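In what follows, a structure is listed as structure tokens, so that the remarks can point back to it.
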Amino acid sequence: MDERWAIAPAEGGGALLVALHPDGQPAGDIVQEADLATAVASRPQVSRWVWRSTAEIYPRLLAAGVRVERCYDIETAEGLLLGHAGRLGEPRSAAAAWARITNQPVPPDPPMRATEPGGEQSSLFDIETESLPFEALLRVYADQLRRHHDTEHPDRMRLLTASESSGWLIATEMDRAGLPWSAESHRALLSELLGERYAGGGEPRRLTELAEQVSTAFGRRVRPDLPADVLKAFKQAGHQVSSTRRWELETIDHPAVEPLIEYKKLYRIYTANGWAWLHDWVHDGRFRPGFVPGGTVSGRWITNGGGGLQIPKVIRRAVVADPGWRLVVADASQLEPRILAAISRDHAFMRVAGDAADLYKAVSDSAFSGDRAKAKLAVLGAIYGQTSGDGLKNLADLRKRFPQAVQYVDDAARAGEEGRLVRTWLGRTCPPSGSQLDAAQLEGPPADEPQVDGRRARARGRFTRNFVVQGSAADWAVLMMAALRQSIASLKAELVFFQHDEVIVHCPADEAEQVAAAIQAAGDLAGTLCFGTTPTRFPFGTAIVECYADAK
DNA sequence: ATCCCGTGCGCC
DNA sequence: AAAGGGCGCACGGGAT
Numbered sequence: 001m002d003e004r005w006a007i008a009p010a011e012g013g014g015a016l017l018v019a020l021h022p023d024g025q026p027a028g029d030i031v032q033e034a035d036l037a038t039a040v041a042s043r044p045q046v047s048r049w050v051w052r053s054t055a056e057i058y059p060r061l062l063a064a065g066v067r068v069e070r071c072y073d074i075e076t077a078e079g080l081l082l083g084h085a086g087r088l089g090e091p092r093s094a095a096a097a098w099a100r101i102t103n104q105p106v107p108p109d110p111p112m113r114a115t116e117p118g119g120e121q122s123s124l125f126d127i128e129t130e131s132l133p134f135e136a137l138l139r140v141y142a143d144q145l146r147r148h149h150d151t152e153h154p155d156r157m158r159l160l161t162a163s164e165s166s167g168w169l170i171a172t173e174m175d176r177a178g179l180p181w182s183a184e185s186h187r188a189l190l191s192e193l194l195g196e197r198y199a200g201g202g203e204p205r206r207l208t209e210l211a212e213q214v215s216t217a218f219g220r221r222v223r224p225d226l227p228a229d230v231l232k233a234f235k236q237a238g239h240q241v242s243s244t245r246r247w248e249l250e251t252i253d254h255p256a257v258e259p260l261i262e263y264k265k266l267y268r269i270y271t272a273n274g275w276a277w278l279h280d281w282v283h284d285g286r287f288r289p290g291f292v293p294g295g296t297v298s299g300r301w302i303t304n305g306g307g308g309l310q311i312p313k314v315i316r317r318a319v320v321a322d323p324g325w326r327l328v329v330a331d332a333s334q335l336e337p338r339i340l341a342a343i344s345r346d347h348a349f350m351r352v353a354g355d356a357a358d359l360y361k362a363v364s365d366s367a368f369s370g371d372r373a374k375a376k377l378a379v380l381g382a383i384y385g386q387t388s389g390d391g392l393k394n395l396a397d398l399r400k401r402f403p404q405a406v407q408y409v410d411d412a413a414r415a416g417e418e419g420r421l422v423r424t425w426l427g428r429t430c431p432p433s434g435s436q437l438d439a440a441q442l443e444g445p446p447a448d449e450p451q452v453d454g455r456r457a458r459a460r461g462r463f464t465r466n467f468v469v470q471g472s473a474a475d476w477a478v479l480m481m482a483a484l485r486q487s488i489a490s491l492k493a494e495l496v497f498f499q500h501d502e503v504i505v506h507c508p509a510d511e512a513e514q515v516a517a518a519i520q521a522a523g524d525l526a527g528t529l530c531f532g533t534t535p536t537r538f539p540f541g542t543a544i545v546e547c548y549a550d551a552k
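This is the structure:
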């Protein structure tokens, strides 16, 4: 039974509720109840809750011990529908949607609330309840159902909205659970890498030493954290470099290079994941990243404040399962080329993507006489938009063997260059050309010259080329997460981390094998739900470990 | 004192 | 060997 109810918070912790017809119209009278969580918990027959914002309501439900199976997040849907209409960037709040329906001035979206470091649950109660009347919210919802119907692929668009709404449920649950984090291991690691901190503050011992070594090598005081200073010093020493990026420094033969590179590496750890970060972001043995589903235009998630999706490999030593528990770490192997196979419907490419072990090997056997490195470069070049180098010839070979797959991304690039929109498989749409959210707009100086326009157009082409693949991969990934969430719901296991194509589940040791199997099953199901029946496979590399650093 | 931007590097 | 896409974050320095 697909029973839908809409709900909104009311004064004093209460709630307004109403049952809904399939077309979104109210199926009865609006009722008011005294307690939001009780109102939800007492209606187990409801299979999908319709609400303005998961971020507003769901933390309160979870705090009261109430989990929901499915929801429809109206503001998330508004963003996706606006995007589909080529209006990404316009206000997506329910109030804005209502204003558009009623031809009133559209209010700007409220600024994004900064996440409290550590994701304290209490801060989530502070979100102001929007003053849009419940009846207006219901009208917005019904209007959105109609707009779904009018999209290019209504079934896919509905699946996208449902999936993205699930993403918000998952994000909220993951932030509540938190990633198990050993502050003790983290501190030990920092001491080992950086040395002691001086009592009076300032950089730790190892950084001070390396900075001195750099100065010694130059024969004068040089501050390694000032690129301009470093550039000048190298120039005086007779080495011309255009930046102090690591790969460029590595080409120089000079005794300052080695301590300088080491300094930069450790300085990064010190500033981004050092003692201050640990203090701000890890509490009670958990790191709560503040996940934001669909935070990027391509649909990838972002996190709020703690750099949760950029945890350096070396720092993963601090991610440790609870005693008797394990981390099941799984990443989807070679996901983007497999996605390209599925969305392009290139039969030959779908078949090589049916090789569960190694797609690049399968491509190289098929088109590059066994040269795996070449095959990989060609495939990545197609996805990212190669502009130079040997890759172009490899790309030509790839096109010969898999014309439809390469055509798909070439078409996306062409569309982008010509200022048209492109969409992911499920219908998430790129920003319109020239809009605020169009990254290619920033490319180069703001001049009217044809050369600049051309470069900008090509930059947008590379963006849209990648968008259809990266974004469709994000479509798949969230569906996979939603399927996984359902299949482990009866276990003690908890989803605790998600990073583009990688998930971590924290579970008792005796559940680990079952969880690992559930992840693969969820990937397979997501593939079928998203793309229908195809030969393409979505295999995972899975590790059952006590420490994140031991995965892979 | 505070904001903005370029630089550089972490992740996928 | 690097490049080609997407991000967040910290820093210093200049502008305000």
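According to UniProt numbering, the residues represented by the first sequence are 1 to 552, in order.
The beta carbon of each residue, even a glycine, is placed where N, CA and C say it ideally should be.
Just so we're clear, the structure is a prediction, and the values are computed from it rather than from any experiment.
- Pairing V496 with C507 gives a Cβ-Cβ distance that is not under 7 Å.
- Out of G454, M174, P255, the CA that lies nearest to the CA of I504 is found in M174.
- Counting other Cβ atoms within 10 Å of its Cβ, P180 reaches 16 or more and is therefore classed as buried.
- In the same chain as K492, and ignoring 5 residues on each side of it, the C-beta atoms closer than 7 Å to its own belong to C507, P508, E511, in chain order.
- By the C-beta criterion, the region 256-267 is judged not to be in contact with the region 144-160, since fewer than 3 inter-stretch pairs fall below 8 Å.
- Beyond the five residues adjoining it in sequence on each side, G324 comes within less than 8 Å, by CB distance, of P508, A509 in the same chain, given in chain order.
- Remark: C-beta atoms of A341 and A357 do not approach each other more closely than 7 Å.
- Between R300 and the set H500, H239, G306, the nearest pair of CA atoms involves H500.
- Put simply, of Q236, Y360, L81 the residue whose alpha carbon is nearest the alpha carbon of R147 is L81.
- Here DSSP, grouped into helix, strand and coil, assigns Q32 to strand.
- L207 sits away from L138, with the two beta carbons spaced by 7 Å or more.
- In this structure, the beta-carbon distance from W5 to L16 does not fall below 7 Å.
- F134: member of the alpha helix (DSSP H) spanning 134-149, first to last residue.
- The region 204-218 makes no contact with the region 238-251; the number of CB pairs closer than 8 Å stays below 3.
- For E502, there is no enclosing alpha helix (DSSP H); the residue is part of the beta strand (DSSP E) that begins and ends at 502-508.
- The region 64-105 is shown to contain whole beta strand (DSSP E) runs of 3 or more residues at 71-73, in chain order.
- Taking F498 as reference, the option from F402, L377, V478, Y58 with the minimal CA-CA separation is V478.
- With fewer than 16 other CB atoms across the displayed protein chains lying within 10 angstroms of its CB, P312 is exposed.
- At least 7 Å separates the beta-carbon of L335 from that of Y270.
- In the DSSP annotation of this structure, the continuous segment of the alpha helix (DSSP H) that includes V352 starts and ends at 347-352.
- Contact between the region 71-78 and the region 50-62 is present, with at least three C-beta pairs closer than 8 Å.
- Going by C-alpha positions, V314 is about 45 Å away from T151.
- Per DSSP, reduced to three states, the secondary structure at E494 is strand.
- In the structure shown, H186 adopts helical secondary structure according to DSSP, grouped into three states.
- DSSP, reduced to helix, strand and coil, places R288 outside both helices and strands of the structure shown, so it counts as coil.
- Where W301 is concerned, there is no enclosing beta strand (DSSP E), because DSSP gives it neither an H nor an E.
- Residue pairing for P9: DSSP places it in a beta bridge opposite A15.
- As the crow flies, the alpha-carbon of P154 is around 58 Å from that of R223.
- In the DSSP assignment, A517 forms no beta bridge with any residue.
- Rounded to the nearest angstrom, the gap between the Cα atoms of F531 and I343 is 7 Å.
- Note on H149: under 16 other CB atoms within 10 angstroms of its CB, so exposed under the neighbour-count rule.
- Following the DSSP letters along the chain, one finds V545 inside the beta strand (DSSP E) bounded by residues 540-545.
- The straight-line gap separating the alpha-carbon atoms of S166 and A526 is approximately 13 Å.
- Membership of D175 in any beta strand (DSSP E) is not indicated; the residue belongs instead to the alpha helix (DSSP H) covering 154-177.
- Secondary structure of V257 (DSSP, three-state): helix.
- Beyond the five residues adjoining it in sequence on each side, E3 comes within less than 6 Å, by CB distance, of Q45, V46, S47 in the same chain, given in chain order.
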